[in-house]
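Chains V and H, in that order, are what the protein sequence lines are. If you count the first sequence from 1, position 258 lands on 299 in my numbering, and the numbers rise without skipping. If you count the second sequence from 1, position 336 lands on 377 in my numbering, and the numbers rise without skipping. Shown next, in structure tokens, is the structure this report addresses.
Number of protein chains: 2
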Amino acid sequence: MRDAAPAMRKITREDIECLAVGAWILGTGGGGSPYLGLLNMRRLYAEGHRVELMSPFDLDGEDRVAVVSNMGAPLVGQERLADSRNIARAVAMQEEYSSVKFRAVMSLEIGGGNGIQPLMAAAHLGLPVVDADLMGRAYPEAQMTSVAVGDLRPYPCALYDPRGLESIVTNVPSWKWMERVTRKICVEMGSIASTCKAPRTGREIKDWGIHFTVSKAIGIGRRVREAQRRHEDPIAAILGEAQGKQLFRGKVVDVARRATEGFLRGRCVIEGLDEHRGARLELAFQNEWVVAWRAEGEKRNPIAMSPDLICVLDTVSGNAFGTETIRYGMRVTVVALPAPPVFLTPKGLEHVGPRAFGYDLDFRSVFA
Amino acid sequence: MRDAAPAMRKITREDIECLAVGAWILGTGGGGSPYLGLLNMRRLYAEGHRVELMSPFDLDGEDRVAVVSNMGAPLVGQERLADSRNIARAVAMQEEYSSVKFRAVMSLEIGGGNGIQPLMAAAHLGLPVVDADLMGRAYPEAQMTSVAVGDLRPYPCALYDPRGLESIVTNVPSWKWMERVTRKICVEMGSIASTCKAPRTGREIKDWGIHFTVSKAIGIGRRVREAQRRHEDPIAAILGEAQGKQLFRGKVVDVARRATEGFLRGRCVIEGLDEHRGARLELAFQNEWVVAWRAEGEKRNPIAMSPDLICVLDTVSGNAFGTETIRYGMRVTVVALPAPPVFLTPKGLEHVGPRAFGYDLDFRSVFA
Numbered sequence: 042m043r044d045a046a047p048a049m050r051k052i053t054r055e056d057i058e059c060l061a062v063g064a065w066i067l068g069t070g071g072g073g074s075p076y077l078g079l080l081n082m083r084r085l086y087a088e089g090h091r092v093e094l095m096s097p098f099d100l101d102g103e104d105r106v107a108v109v110s111n112m113g114a115p116l117v118g119q120e121r122l123a124d125s126r127n128i129a130r131a132v133a134m135q136e137e138y139s140s141v142k143f144r145a146v147m148s149l150e151i152g153g154g155n156g157i158q159p160l161m162a163a164a165h166l167g168l169p170v171v172d173a174d175l176m177g178r179a180y181p182e183a184q185m186t187s188v189a190v191g192d193l194r195p196y197p198c199a200l201y202d203p204r205g206l207e208s209i210v211t212n213v214p215s216w217k218w219m220e221r222v223t224r225k226i227c228v229e230m231g232s233i234a235s236t237c238k239a240p241r242t243g244r245e246i247k248d249w250g251i252h253f254t255v256s257k258a259i260g261i262g263r264r265v266r267e268a269q270r271r272h273e274d275p276i277a278a279i280l281g282e283a284q285g286k287q288l289f290r291g292k293v294v295d296v297a298r299r300a301t302e303g304f305l306r307g308r309c310v311i312e313g314l315d316e317h318r319g320a321r322l323e324l325a326f327q328n329e330w331v332v333a334w335r336a337e338g339e340k341r342n343p344i345a346m347s348p349d350l351i352c353v354l355d356t357v358s359g360n361a362f363g364t365e366t367i368r369y370g371m372r373v374t375v376v377a378l379p380a381p382p383v384f385l386t387p388k389g390l391e392h393v394g395p396r397a398f399g400y401d402l403d404f405r406s407v408f409a
Numbered sequence: 042m043r044d045a046a047p048a049m050r051k052i053t054r055e056d057i058e059c060l061a062v063g064a065w066i067l068g069t070g071g072g073g074s075p076y077l078g079l080l081n082m083r084r085l086y087a088e089g090h091r092v093e094l095m096s097p098f099d100l101d102g103e104d105r106v107a108v109v110s111n112m113g114a115p116l117v118g119q120e121r122l123a124d125s126r127n128i129a130r131a132v133a134m135q136e137e138y139s140s141v142k143f144r145a146v147m148s149l150e151i152g153g154g155n156g157i158q159p160l161m162a163a164a165h166l167g168l169p170v171v172d173a174d175l176m177g178r179a180y181p182e183a184q185m186t187s188v189a190v191g192d193l194r195p196y197p198c199a200l201y202d203p204r205g206l207e208s209i210v211t212n213v214p215s216w217k218w219m220e221r222v223t224r225k226i227c228v229e230m231g232s233i234a235s236t237c238k239a240p241r242t243g244r245e246i247k248d249w250g251i252h253f254t255v256s257k258a259i260g261i262g263r264r265v266r267e268a269q270r271r272h273e274d275p276i277a278a279i280l281g282e283a284q285g286k287q288l289f290r291g292k293v294v295d296v297a298r299r300a301t302e303g304f305l306r307g308r309c310v311i312e313g314l315d316e317h318r319g320a321r322l323e324l325a326f327q328n329e330w331v332v333a334w335r336a337e338g339e340k341r342n343p344i345a346m347s348p349d350l351i352c353v354l355d356t357v358s359g360n361a362f363g364t365e366t367i368r369y370g371m372r373v374t375v376v377a378l379p380a381p382p383v384f385l386t387p388k389g390l391e392h393v394g395p396r397a398f399g400y401d402l403d404f405r406s407v408f409a
């Protein structure tokens, strides 16, 4: 029995606008543009739907939580318009297969459009959203979560495509195998799938969730929007709100991008402006920004890398650019934000450090 | 209620030896070598297991039947040794997911090792095998079955890999989509998966099954083994037993083979001997032999094509060669056997005619 009904906080329209801005920044280039999700939520709120936010600590240990995300290559998400019913259907599939009744919905990753996906599901299902996620940002692969670092059970995973393609990966020996099998299904669906990951208990979310990241994203978004309204520096507002560091400022001069194997991969080069004139910043991405190298003359050094959050922001507005929206000529400021501690452990770095992405670098934090 | 207990026929050890020979011939190059399945069955029988064969007409309309096959590229099946428990696990997965209790097991395709797969499942599960399949031979793709021609429901399909990879494709809008999604899962499993297809009712098997094909395969195998024992012509025995026609006789002079996208694809060239001297036969395959062209000087004409069964046989022993076992120097006789009538209709030819394999040819039967 519960001691008391959990305290629910109503998510306002303004919160959602802020969430879209803040989640896009925390997406570190990925998680997909939140714009289409935002349009869905505006419509759902206009129709009278309302969504509530609950603290992870108000979950009972035995409660079951649906962990949702839109999986695939962000570029494809620009073509395939978001429909809020898709993610709700993935949750329903999981509920049917696992014979559970979900207490709440939450984000796999707070970054980008995936920060909004649980709100879309929640609106249709009449469930609250847990104020937490499993990445504290966005990462491209299934084994790049706090619950994978914690070796919690990776299966079952439900995948849905609105043409009526439904699959459930019912057993795998490891998180990497979950990544491999679901990625192939996702690719066959067209490199975008609505997914509901393995159900998590309230106990697991209390122990392994990255807590209060929905509030964090809303908070960052609110500061940016305030700064925009007041004609203050939005970058400074972000750095203040999220304890970040500015890395570079300049103009995008080259983008090489390809949607491949269910990911968006590529490189982006930024030419320095102001105090960075004469230097270049090179960014490698796999859905998200993974490593940043600063080059000047003959020298080329990695200055930021996963799991630190690398965020590429519009220098004027402070809004984030995603790896699928960045293009030549954009004036950008690159900042780093600190990673959740779970990813800074040796086990955490095995899952999300630079070598997990194929870069033979020892992790050095911008914040060390 | 049943009027009477159905008549079951015990499958003897000798029946299984015959089935392995006959199914390999009906495999038309594919379905995988039956050898490893045969070894499994010898062992299971040595341990005391026994399997019974039942007529499709002894099924009740509401009975549920498990349709099984080993899916993938036959070449990989030569590396990954068959374990009879794998296919039994796929049936158990389907039973759990679909909440059905199966009355019996049957072959997706009577051809090759897949003619033996249901016996392996049946031995572990204590179920009879239905004397029928859904192809009357082997075909490479999911939509190439009588039940797909009949537009019966394609889902759900359970896929199992002994490393503990289990997936269920729970919904698809068409058989072709079932093929696409399951093929990608199969490829990720290493291009071999144990599968249990959508459960079929007794009514559906009576209406759409290809009936008595287990008995047919055993009968062909028995004739071949008798001919071998008596030093008679086994090819003549096959042609007599299965109403076939001889197409070509010669020596294999070239094989190009690649395991790709979950299939074994390639070409094989046979140089004519005896009355075919001076001519060549070219065979294209996708797991199974699909089209045979006879070439002589400047002329090159297709002389046999799917859905007619093209069988490449050892000229001396009458045993079949598979697309994964055929190699340079083999003395072969190529014969055609007639296709089940369901595949000769316009709808049937859409599913399994030469254009379904990418060959721009009008189907002309060897038997027309």
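From the three backbone atoms N, C-alpha and C, an ideal C-beta is built for every residue, glycine too. As the structure is a computational prediction, the values presented were derived from the model and not from experiment.
So, using beta-carbon positions, are residue 99 of chain H and residue 181 of chain H closer together than 9 Å?
Residue mapping note: residue 99 of chain H aligns to position 58 of the second sequence, counting from 1. Residue mapping note: residue 181 of chain H aligns to position 140 of the second sequence, counting from 1. Contact flag unset, no.
Going by C-alpha distance, which of H:276, H:336, H:128 is nearest residue 234 of chain H?
Numbered from its first residue, the second sequence carries residue 234 of chain H at position 193. Nearest C-alpha to residue 234 of chain H: H:128.
Neighbouring residues, chain H, relative to residue 228 of chain V (Cβ below 9 Å)
In the first sequence, residue 228 of chain V corresponds to position 187, counting from 1. Within chain H, the residues near residue 228 of chain V are 225.
In its own chain, which residues sit with a C-beta less than 6 Å from the C-beta of residue 380 of chain H, not counting the 5 before and 5 after it?
For the purposes of this step, residue 380 of chain H is taken as residue 339 along the second sequence, with counting starting at 1. Here the set comprises 348, 349.
Residue(s) in a DSSP beta bridge with residue 235 of chain V
Looking up residue 235 of chain V in the first sequence gives position 194. Beta-bridge pairing links residue 235 of chain V to V:111, V:201.
If you drop the 5 nearest sequence neighbours on each side, which residues of the same chain put their C-beta closer than 7 Å to that of residue 249 of chain H?
Residue 249 of chain H sits at position 208 when you count from the first residue of the second sequence. Closer than 7 Å at the Cβ level, and outside the excluded window around residue 249 of chain H, lie 187, 188, 191, 193.
With a threshold of 16 other CB atoms inside 10 Å of the CB of residue 42 of chain H, please say whether the residue is buried or exposed.
Here residue 42 of chain H refers to the residue found at position 1 when the second sequence is read from its first residue. Its pLDDT being 47, under 50, residue 42 of chain H is placed unreliably by the model, and nothing is read from it.
Using only CA atoms, which one of H:287, H:395, H:71, H:245 lies nearest to residue 171 of chain H?
Looking up residue 171 of chain H in the second sequence gives position 130. Nearest of H:287, H:395, H:71, H:245 to residue 171 of chain H, Cα basis: H:245.
If you check the beta carbons only, do residue 36 of chain V and residue 175 of chain V fall under 9 Å apart?
Outside the displayed range of chain V (42 to 409) lies residue 36 of chain V, so it cannot be described from this structure.
Cut-off 6 Å between Cβ atoms - residues of its own chain near residue 401 of chain V, not counting five sequence neighbours on either side
Numbered from 1 along the first sequence, position 360 holds the residue referred to as residue 401 of chain V. Here the set comprises nothing.
Heavy atom of the ligand SAM less than 8 Å from the Cβ of residue 403 of chain V, yes or no?
With respect to the ligand SAM, the structure offers nothing, as it holds no ligand at all.
When the Cα atoms are used, what is the spatial distance from residue 149 of chain V to residue 408 of chain H?
On the first sequence, residue 149 of chain V is found 108 positions in, with the first residue counted as 1. On the second sequence, residue 408 of chain H is found 367 positions in, with the first residue counted as 1. Distance between the alpha carbons of residue 149 of chain V and residue 408 of chain H is about 60 Å.
Would you check if the stretch 220-240 of chain H and the stretch 387-400 of chain V touch, i.e. whether three or more CB-CB distances between them fall below 8 Å?
no
Within 9 Å, strictly: CB atoms of residue 60 of chain V and residue 365 of chain V:
Taking the first residue of the first sequence as 1, we reach residue 60 of chain V at position 19. Taking the first residue of the first sequence as 1, we reach residue 365 of chain V at position 324. Going by C-beta atoms, residue 60 of chain V is not nearer than 9 Å to residue 365 of chain V.
Does the beta carbon of residue 42 of chain V sit closer than 9 Å to a beta carbon anywhere in chain H?
Position 1 of the first sequence, counting from 1, holds the residue named residue 42 of chain V. Summary for residue 42 of chain V: the model assigns pLDDT 47, below 50, so the residue's position carries little reliability; its value from the coordinates is reported in the next sentence. Chain H, which has no Cβ nearer than 9 Å to the Cβ of residue 42 of chain V, makes this no.
Determine the extent of the beta strand (DSSP E) in which residue 124 of chain H is found, giving its start and end residues.
If you number the second sequence from 1, residue 124 of chain H lands on position 83. First-last for residue 124 of chain H: undefined, no H or E at that position.
Which ranges would you report for the alpha helix (DSSP H) in the stretch 232-287 of chain H if only whole runs of at least 4 residues count?
243-249, 254-271, 275-283
With 9 Å set as the bound, which would you pick, yes or no: does the beta-carbon of residue 110 of chain H sit closer than that to a beta-carbon of chain V?
On the second sequence, residue 110 of chain H is found 69 positions in, with the first residue counted as 1. Not one chain V Cβ lies under 9 Å of residue 110 of chain H.
Span separating the alpha-carbon of residue 161 of chain V from that of residue 133 of chain V
By one-based count along the first sequence, residue 161 of chain V stands at place 120. By one-based count along the first sequence, residue 133 of chain V stands at place 92. About 13 Å.
Please report the straight-line C-alpha distance between residue 111 of chain H and residue 216 of chain H, rounded to a whole angstrom.
Counting from 1 along the second sequence, the entry for residue 111 of chain H is found at position 70. Counting from 1 along the second sequence, the entry for residue 216 of chain H is found at position 175. Whole-angstrom Cα-Cα distance: 18 Å.
Residue 240 of chain H to residue 156 of chain H, Cα distance in whole Å?
Here residue 240 of chain H refers to the residue found at position 199 of the second sequence. Here residue 156 of chain H refers to the residue found at position 115 of the second sequence. Answer to the nearest angstrom: the Cα atoms are 18 Å apart.
Taking contact to mean at least 3 C-beta pairs separated by less than 8 Å, is the stretch 264-282 of chain V in contact with the stretch 71-82 of chain V?
no
Buried or exposed for residue 221 of chain V, going by 16 or more other Cβ atoms inside 10 Å?
Looking up residue 221 of chain V in the first sequence gives position 180. By the 10 Å Cβ count, residue 221 of chain V comes out buried.
Below 7 Å on C-beta distance, what does residue 218 of chain H contact in chain V?
Along the second sequence, one-based indexing puts residue 218 of chain H at 177. The contacting residues are 206.
Indicate whether residue 200 of chain H and residue 107 of chain H have their beta-carbon atoms separated by less than 9 Å.
Within the second sequence, residue 200 of chain H is the residue found at index 159, counting from 1. Within the second sequence, residue 107 of chain H is the residue found at index 66, counting from 1. Cβ atoms of residue 200 of chain H and residue 107 of chain H: not closer than 9 Å.
Are there 16 or more other CB atoms within 10 angstroms of the CB of residue 294 of chain V, so buried, or fewer, so exposed?
Along the first sequence, one-based indexing puts residue 294 of chain V at 253. With fewer than 16 other Cβ atoms within 10 Å, it is exposed.
For residue 360 of chain H, the three-state DSSP class (helix, strand or coil):
Start at 1 with the first residue of the second sequence, and residue 360 of chain H comes out as number 319. Coil, per DSSP.
Tell me whether residue 42 of chain H sits in a helix, a strand or coil according to DSSP, three-state version.
The residue you call residue 42 of chain H lines up with position 1 of the second sequence. Below a pLDDT of 50, predicted positions are generally treated as unreliable, and residue 42 of chain H, at 47, falls in that range; the measurement from the model is reported next regardless. Correct three-state label for residue 42 of chain H: coil.
Cβ distance (whole Å) where residue 390 of chain H is taken to contact residue 384 of chain H below 8 Å
Locating residue 390 of chain H in the second sequence gives position 349, where the first residue counts as 1. Locating residue 384 of chain H in the second sequence gives position 343, where the first residue counts as 1. Correct: roughly 7 Å between the Cβ atoms.
Three-state secondary structure assigned by DSSP to residue 56 of chain H:
Here residue 56 of chain H refers to the residue found at position 15 when the second sequence is read from its first residue. Helix.
If you draw a straight line from the C-alpha of residue 361 of chain H to the C-alpha of residue 373 of chain H, how long is it?
Residue mapping note: residue 361 of chain H aligns to position 320 of the second sequence, counting from 1. Residue mapping note: residue 373 of chain H aligns to position 332 of the second sequence, counting from 1. Distance between the alpha carbons of residue 361 of chain H and residue 373 of chain H: 9 Å.
Would a C-beta distance cut-off of 9 Å place residue 91 of chain H and residue 164 of chain H closer than the cut-off?
Position 50 of the second sequence holds residue 91 of chain H. Position 123 of the second sequence holds residue 164 of chain H. Against a cut-off of 9 Å, the Cβ pair of residue 164 of chain H and residue 91 of chain H comes out as a contact.
On the CB-based measure, 16 or more other CB atoms within 10 Å of its CB, does residue 357 of chain V come out buried or exposed?
As a first step, residue 357 of chain V is located in the first sequence; it is residue number 316 there, counting from the start. By the neighbour-count rule (16 or more Cβ atoms within 10 Å), residue 357 of chain V is not buried but exposed.
Between residue 255 of chain V and residue 69 of chain V, what straight-line distance do the alpha-carbon atoms span, to the nearest angstrom?
Against the first sequence, residue 255 of chain V aligns to sequence position 214. Against the first sequence, residue 69 of chain V aligns to sequence position 28. In a straight line, the C-alpha of residue 255 of chain V is about 15 Å away from that of residue 69 of chain V.
Quick one: residues in its chain with C-beta nearer than 8 Å to the C-beta of residue 368 of chain V, no 5 flanking neighbours on either side, listed in chain order?
Working through the first sequence from its first residue, we reach residue 368 of chain V at position 327. If we look at residue 368 of chain V and ignore the five residues flanking it on each side, its Cβ neighbours are 293, 296.
Return the residue from the list H:312, H:131, H:125, H:89 that minimises the CA-CA distance to residue 79 of chain H.
On the second sequence, residue 79 of chain H is found 38 positions in, with the first residue counted as 1. The candidate whose alpha carbon is nearest that of residue 79 of chain H is H:125.
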